[in-house]
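A short write-up of the structure that comes next.
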Amino acid sequence: MARAAIRGRLKPLPWLTATVRDILPETARARTISLHVDGWTGHRAGQHLDVRLTAEDGYQAQRTYSIASAPEDDFVGITVESVEDGEVSPYLAGELAPGDVFEVRGPVGGYFTWSADEPGPLLLIAGGIGLAPLMSMLRHRAARAATVQAHLLLSVRSPDDVLYRDELETLGPEDGLRLERTYTREAPAGWAGWSRRVDAGMLAAVSPGPAARCFVCGPTSFVERVNDLLVTGGHDPRNVHSERFGPTGG
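Here this note's numbering is used: the first residue of the sequence shown is 2, the next is one more, and so on.
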């Protein structure tokens, strides 16, 4: 997931060499790229990294992507969705191959993070590819066998847009996780669940309570609307954490 961000650093992070280990298709337009990063010092669930590509003529392009892998994994995983007429994402999501090398810098971000040592419950709300950093949290939670109650609400256009489909199906109430979906354009045949944009009634139904730590990620308009609904619905603004993404040139 690419995002435009303004960050101040006391000490600039170095650019590191990343080698593609594996590529897993997620949807028709998105795939997860597993990387071996020389000198990687680890990350917290919810953080992101910068990617820099350099052309043969020296031209460079830089984008930011959420880390989807758990801190416990022996690789760094990012999920990239191709943006039409984009400069970077079509290459990463369509042309990149195992063994290819590029540069990354990170991890970055300390506000939108969660550790299994921290209290819950958790309310995770994702719009489309905004699921990526929340998946890092869920994978971290599973790796640590944490018992923190977690509710995930995923808003997607259609079933074909669901990321990590097989993995999500392995998670359920026995893991202390409640998963809910809403389809905003096309629902599966026979679907009896929600088929609309996230609204106040939906959030009230999935929330584990006003004390929940909320993490919201998705397009800017989605995040702003959900944040307002959460606060209006009684959640403490200090417990509502959000990451948003918008046009960056892809």
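Glycine included, C-beta positions come from ideal geometry on N, C-alpha and C. Predicted model only: the values in this text are computed from it and were never measured.
Here the C-alpha atom of G131 lies approximately 21 Å from the C-alpha atom of V149.
Taken through DSSP and simplified to helix, strand or coil, V38 comes out as strand. Listed in chain order, the beta strand (DSSP E) elements of length 3 or more contained wholly in the segment 101-168 are 102-109, 123-128 and 151-157. Under DSSP, the beta-bridge partners assigned to T65 are D51. Taking a cut-off of 8 Å on C-beta distances, the segment 24-33 touches the segment 159-171, as three or more cross pairs fall below it.
Between V38 and E96, the alpha-carbon positions lie close to 20 Å from each other. The Cβ atoms of A151 and C218 lie no closer than 8 Å to each other. The C-beta distance from G107 to Q48 rounds to 7 Å, short enough to fall under 8 Å.
The beta-carbon separation of V77 and W41, rounded to 6 Å, stays under the 8 Å limit for a contact. Contact annotation: the segment 52-70 touches the segment 86-94, with at least three C-beta pairs closer than 8 Å. Under the DSSP assignment, G95 falls in the alpha helix (DSSP H) whose first and last residues are S90 to G95. Nearest C-alpha to V207 among R158, A188, L231 and P134: L231. Here W195 is buried: its Cβ has 16 or more other Cβ atoms, across all protein chains shown, within 10 Å.
Your pair A143 and D176 checks out as a contact, with CB atoms roughly 7 Å apart and the cut at 8 Å.
Non-local C-beta neighbours of R158 in its own chain, meaning closer than 8 Å and more than five positions away in sequence, comprise G129, Y184, T185, R186 and E187, ordered along the chain. Secondary structure at A98: coil, using DSSP grouped into helix, strand and coil. Using a Cβ distance threshold of 8 Å, P13 and H44 do not count as a contacting pair. Taking a C-beta distance under 8 Å as the contact criterion, H242 and F216 qualify as a contact pair. Within the model, the alpha-carbon separation for D75 versus V227 is close to 34 Å. According to the DSSP assignment, T18 belongs to no alpha helix (DSSP H) but to the beta strand (DSSP E) extending over L17 to P26. Note on geometry: alpha-carbon atoms of L204 and V84 lie some 29 Å from one another.
In the structure shown, S243 falls within a strand segment according to DSSP collapsed to helix, strand and coil. When DSSP states are grouped into helix, strand and coil, F76 belongs to the coil group. DSSP places E225 in the uninterrupted alpha helix (DSSP H) bounded by T221 to T233.
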